[in-house]
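Report on the structure given below.
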Amino acid sequence: MKTVKKHNNRSDISGVSAAEFAAAVTELFPENTLPEKIAIGVSGGADSMALTLLLADYAKETGRQLTALTVNHNLRAAAKDEAAQTAHILKKRGIPCHILDWQPTAQKTAIQKRARDARYRLMTEYCRENNIPVLFLAHHAGDQAETFWMRLQAGSGIDGLACMEKLRREPESGILIARPLLNFEKDDLKAVCTDHGTGWIEDPSNTAPQYLRSRIRKTLAQMPSEKIKILQTVALFGRLREKLRRETAAATLDCAIFYPEAYAALHRNVWQGYPAEIRRRILQNIVRDLAGKPYPPRTRTVDNALENLENIPDHGVFTFGGCIFERQGDTVFICREAAATRPESVTKTAFLFGRCFRIELPFLPEKPLFCNVLGTRGLSFLPAAQRKNFAKKYKSLPRFARQALPVLESADGIAAVPHLAWANSAVFGENPSISVRFRPPEAIFDEDIEIV
């Protein structure tokens, strides 16, 4: 966090220098690893306007292409005009800005959270569709302190109390979310706007007392010394989170094997040798990735699953979090639960099924396709003469992994089973190139999970 110097009973704010900002970006992307195309989410407020100005200068110096994204949330009558005003200001500075529209539903509860989620979704979808791998957001030290207090009240664990990360991958889109301003104060960012001769928009909801974050913000403003302590605590939890992640990654490699059909073999006696917190995290992360969830199951929901895994008898079965567990000797097979997977229409030649299977087709057939799971149909869909050719591969899989295999279907029946390298020639022709790859939304490890 930057130091605010006191002078003549007022704050003498120096803003954020180009060197300080370059150092903050380099911390996230060392050795010039920041991609050429980058985007910034800008609301028109002082925080995001400051980050946009800093990024624009940085992009000009380093040869990057910056695109600003602003969302018209349609929650206030002035929202459309504010988005247009923001885009106009940025375009006058030579910064391309795209306005993304969100149409809220009539639902009035949790409106801030729904608007925030929609904003992230619209921006990350734009980035993915336009091959922009990094989206910058302007969260600062004050936001971090508010988040800690909110999560403390909600009873969050270690990961929640570590709050926002400076760099993380958005689970659904794979876009990198970069927050280089978490060590800077809001006054620093206002000073950046002032130094650049740029105004900003004040969102009245930021001070509306009906919102918890607004009430916390008001309280923290009256106790600056406590805010410093909160940020020190956040940093402590952040270090603890990273330590646990590294230990969990190493332990997972030691006790589990992952397979391309989206199942894992957990060596139960090895798993039981780890401390309780590591055992819990191994279970949470495996379930998250196999079930294709963006986040692991909440800590408070895991206790029953842990007890089941500790006491499961041989050939015993239980379900948890969209996965099904079956013990065979010392090995517990963890598979996607077929009954928890919904069919999805196929409208593109490359698509994601169940949030974890990336499937690519050579073309889209004339008849509409949808992707489903094989279920309990076995190989009955195959002509009798072909069943023997695919039986060995099919029977080598755990029974619940077979049921969760993705299949392509039309009104005429199953058209392809990518994992078995089988396709109906009447639909796809002879020897079609259909690929399938297990790729969960959020990898268990810092890089990629190891799949045999």
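Residue numbers (this note's numbering): 841 to 1292. Beta carbons are placed, not taken as given, at the ideal position from N, Cα and C, and that holds for glycine.
How about Leu-894 and Phe-869: do their beta carbons lie closer than 8 Å? No. Outside cutoff.
Can you tell me whether Gly-903 is helix, strand or coil according to DSSP? coil
Can you tell me whether Pro-1238 is buried or exposed? The criterion is at least 16 other CB atoms within 10 Å of its CB, across all chains shown. buried
Measure the alpha-carbon distance for Lys-920 versus His-913 and round it to whole angstroms. 8 Å
Any non-hydrogen atom of the ligand COA within 7 Å of Ala-1263 CB: Within the structure as shown, the ligand COA is missing, as the structure has no ligands at all.
Rounded to whole angstroms, what is the Cα-Cα separation between Pro-1134 and Ile-1068? 31 Å
Hey, quick one: how far does the beta strand (DSSP E) through Asp-941 stretch, first residue to last? 937 to 941
Could you tell me which of Phe-1173, Asp-941, Ala-1255 sits nearest to Glu-1206, measuring between CA atoms? Ala-1255
Sub-8 Å separation of Val-856 and Val-974 beta-carbons: no
Could you name each continuous beta strand (DSSP E) segment of 3 residues or more that falls completely within the region 1134 to 1213, going from the start of the chain to the end? Taking 3 residues as the minimum length, the beta strand (DSSP E) runs contained wholly in the region 1134 to 1213 are 1157 to 1160, 1163 to 1168, 1171 to 1176, 1184 to 1186, 1190 to 1193, 1197 to 1200, 1209 to 1213, in order along the chain.
Leaving out five residues on either side along the sequence, give the residues of the same chain with a beta carbon under 7 Å from the beta carbon of Ala-1104. Ala-1096, Ile-1097, Phe-1098, Ile-1126, Leu-1130, Ile-1174
Which two residues bound the contiguous beta strand (DSSP E) that contains Val-856? According to the DSSP assignment, Val-856 belongs to no beta strand (DSSP E), since it is labelled neither H nor E.
For the putative contact between Ala-908 and Ile-935, defined by C-beta atoms under 8 Å, what is the C-beta separation to the nearest angstrom? That belief holds up - the Cβ atoms of Ala-908 and Ile-935 are roughly 5 Å apart, short of 8 Å.
Take Pro-1020 and list the residues in its own chain whose beta-carbon comes closer than 8 Å to its own, dropping the five residues that flank it on each side. Phe-861, Ala-864, Val-865, Glu-867, Leu-868, Leu-891, Phe-976, Lys-1006
Contact set for Val-1257: own chain, Cβ-Cβ below 7 Å, skip 5 residues either direction: For Val-1257, the CB contacts under 7 Å within the same chain, skipping 5 residues up- and downstream, are Leu-1214, Leu-1245, Val-1247 in chain order.
Straight-line CA distance for Tyr-1234 to Phe-1221? Computed Cα separation, rounded: 13 Å.
Given 8 Å as the limit, is there contact between the region 1269 to 1276 and the region 990 to 1004, that is, 3 or more CB pairs closer than that? no
Within 8 Å, do at least three Cβ pairs link the region 1105 to 1125 to the region 1172 to 1187? yes
Element boundaries [beta strand (DSSP E), containing Ala-1096]: 1096 to 1099
If you reduce the DSSP assignment to three classes, tell me which class His-1107 lands in. strand
Where the beta strand (DSSP E) containing Lys-932 begins and where it ends: First-last for Lys-932: 919 to 932, but that is the alpha helix (DSSP H), not the beta strand (DSSP E).
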